[in-house]
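Student: The opening position of the sequence shown corresponds to residue 77 in this note's numbering, with each subsequent residue numbered one higher. We treat Cβ as the ideally placed atom computed from N, Cα and C, and that holds for glycine. This structure is in structure tokens; I'll ask about it shortly.
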Amino acid sequence: IGLSGGKDSLFLTYMLAVLRSRLKKSFTLKAVTIDPLFTKNFSTDSVKKFCHELSIDYFVHRVDINNAIKSSGKNPCFTCAYFRRGAINRIAKEKGCNKVAYAHHQDDAVETLFMNLLYSGQFKTFTPSTYLDRMKLTVIRPLIYFRETETRTAVKYHGVAPVASPCPIDG
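See the structure below:
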């Protein structure tokens, strides 16, 4: 699970933990947070505790995305997402995982559709499941049919406090 600590990824983590306990199919869960080194005091203690309570192995991986953004000359959000995805995929393979779960929801899919239309002239967005041939990983997006308001409500209902994004241009 790509676990940023935001409301969407916290909800996804909780939802997958519930499914793991209720489904007849057995599977294990591991979660990773990428520390992009935007700040010196990026704390993941609450996320670590959350994962421990759900019996999910949890890892934090530091990737110097801050310097990559400064030297790339490209859109900072694109560069950050690219390096985070690459790191998560690499860690998934190292940990013996065959799937990576992201918390993209319906609003993200619509936003991506419009960004692709406006910036590249292509009418496309991401799919609920994508197989990455080179990595031999399947990316799943179990929240694709959820609206953002639904994830926000679910996180409030379960009393989980999202971690503040360390991104200097968040919002």
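What does DSSP give as the partner residues of A107 in its beta bridges?
Tutor: Y134
Student: Does DSSP put L208 in a helix, a strand or coil?
Tutor: strand
Student: Is the number of C-beta pairs between the region 85–92 and the region 110–121 that are closer than 8 Å three or more?
Tutor: no
Student: Quick one: Cα of C153 to Cα of C243, how far?
Tutor: 10 Å
Student: Please go through the same chain and pick out, in chain order, the residues whose beta-carbon is closer than 8 Å to the beta-carbon of L113, but skip the five residues on each side of it.
Tutor: R138, V139, D140, I141, N142, N143
Student: Might you give, ordered along the chain, the residues of its own chain that have their beta carbon closer than 7 Å to the beta carbon of D84, omitting 5 neighbours on each side?
Tutor: A179, H181, L219, T227
Student: Can you say whether I110 is buried or exposed, counting buried as having 16 or more other CB atoms within 10 angstroms of its CB?
Tutor: buried
Student: Just tell me which of S122, K106, S97 has its CA closest to the CA of V239.
Tutor: S122
Student: Assign R223 to buried or exposed, taking buried as 16 or more other Cβ atoms, counted over all protein chains shown, within 10 Å of its Cβ.
Tutor: Taking all protein chains shown into account, R223 has fewer than 16 neighbouring C-beta atoms within 10 Å of its C-beta and is therefore exposed.
Student: What does a CB cutoff of less than 7 Å around T188 pick up in its chain, not counting 5 residues either side in sequence?
Tutor: T201, F202
Student: List in chain order: all unbroken beta strand (DSSP E) runs of 3+ residues lying wholly within the region 122–203.
Tutor: 133–138, 175–177
Student: For T214, does the three-state DSSP call read helix, strand or coil?
Tutor: Three-state result, T214: strand.
Student: Can you tell me the Cα-Cα spacing of L99 and S147, whole angstroms?
Tutor: 46 Å
Student: Give the straight-line distance between the Cα atoms of G149 and S97, rounded to the nearest whole angstrom.
Tutor: 45 Å
Student: Measure the CB-CB distance between K175 and T206 and report whether it falls below 7 Å.
Tutor: Remark: C-beta atoms of K175 and T206 do not approach each other more closely than 7 Å.
Student: If you draw a straight line from the C-alpha of T225 to the C-alpha of K169, how long is it?
Tutor: Each residue's CA atom was taken as its position, placing T225 and K169 some 33 Å apart.
Student: Go to Y90, then tell me how far its alpha helix (DSSP H) extends in each direction, as first and last residue.
Tutor: 83–98
Student: How many Å lie between L79 and Y134 at the Cα?
Tutor: 9 Å
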